[in-house]
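**Student:** Questions regarding the structure given below will be posed in turn.
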Amino acid sequence: MDTTTHHDLSSLFAQLGLPDDAAEIRAFIRQHRPLPQTLNLSEAPFWNDSQRAFLREEWHADDGDWVLQIDQLNACLREHPAPETLAQA
0 MDTTTHHDLS
10 SLFAQLGLPD
20 DAAEIRAFIR
30 QHRPLPQTLN
40 LSEAPFWNDS
50 QRAFLREEWH
60 ADDGDWVLQI
70 DQLNACLREH
80 PAPETLAQA
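Going by numbering that gives the first Met the number 0, the first residue of the sequence shown is number 0, and it counts up by one from there.
So this is what it looks like as structure tokens:
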């Protein structure tokens, strides 16, 4: 029997106390990417202390309950926007 809890990205945003609808998640990612490769996700300047602690604890937790969603968010924040989506200078 599978006893793991399955969360989605929306659940992670709700857990972090952030708006969790698809449009708000896309806006958050657009606003904060690309996150430098040398910066740990939990050290990004846009997290508050409790969000930072949650990300750290869950990333290193033995049960890995949120690891997939944190990894997905991390990957999304590392992506560079497509050139056609950038505002014209």
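No residue lacks a Cβ here, since even glycine has one placed at the ideal position from N, Cα and C.
Go through the stretch 4-81 residue by residue and report every complete run of the alpha helix (DSSP H) that reaches 4 residues or more, in order.
**Tutor:** Counting whole runs of 4 or more residues, the stretch 4-81 contains the alpha helix (DSSP H) stretches 8-14, 21-31, 48-58 and 66-77.
**Student:** Taking the alpha-carbon positions, what's the residue 39 to residue 6 distance?
**Tutor:** The residue given as residue 39 occupies position 40 in the sequence shown. The residue given as residue 6 occupies position 7 in the sequence shown. For residue 39 and residue 6, the distance between alpha carbons rounds to 22 Å.
**Student:** Quick check on residue 0: buried or exposed, where buried means 16 or more other Cβ atoms within 10 Å of its Cβ?
**Tutor:** Here residue 0 refers to the residue found at position 1 of the sequence shown. Low confidence applies here, because residue 0 scores a pLDDT of 39, under 50, leaving its location unreliable; read the following figure in that light. Counting Cβ neighbours within 10 Å, residue 0 comes out exposed, since fewer than 16 surround it.
**Student:** Within 10 Å of its beta-carbon, does residue 71 have 16 or more other beta-carbons around it, so buried, or fewer, so exposed?
**Tutor:** Position 72 of the sequence shown, counted from the first residue, corresponds to residue 71. With fewer than 16 Cβ atoms within 10 Å of its Cβ, residue 71 is classed as exposed.
**Student:** Just the Cα atoms here: how many angstroms apart are residue 42 and residue 62?
**Tutor:** Position 43 of the sequence shown, counted from the first residue, corresponds to residue 42. Position 63 of the sequence shown, counted from the first residue, corresponds to residue 62. The alpha-carbon atoms of residue 42 and residue 62 are separated by roughly 22 Å.
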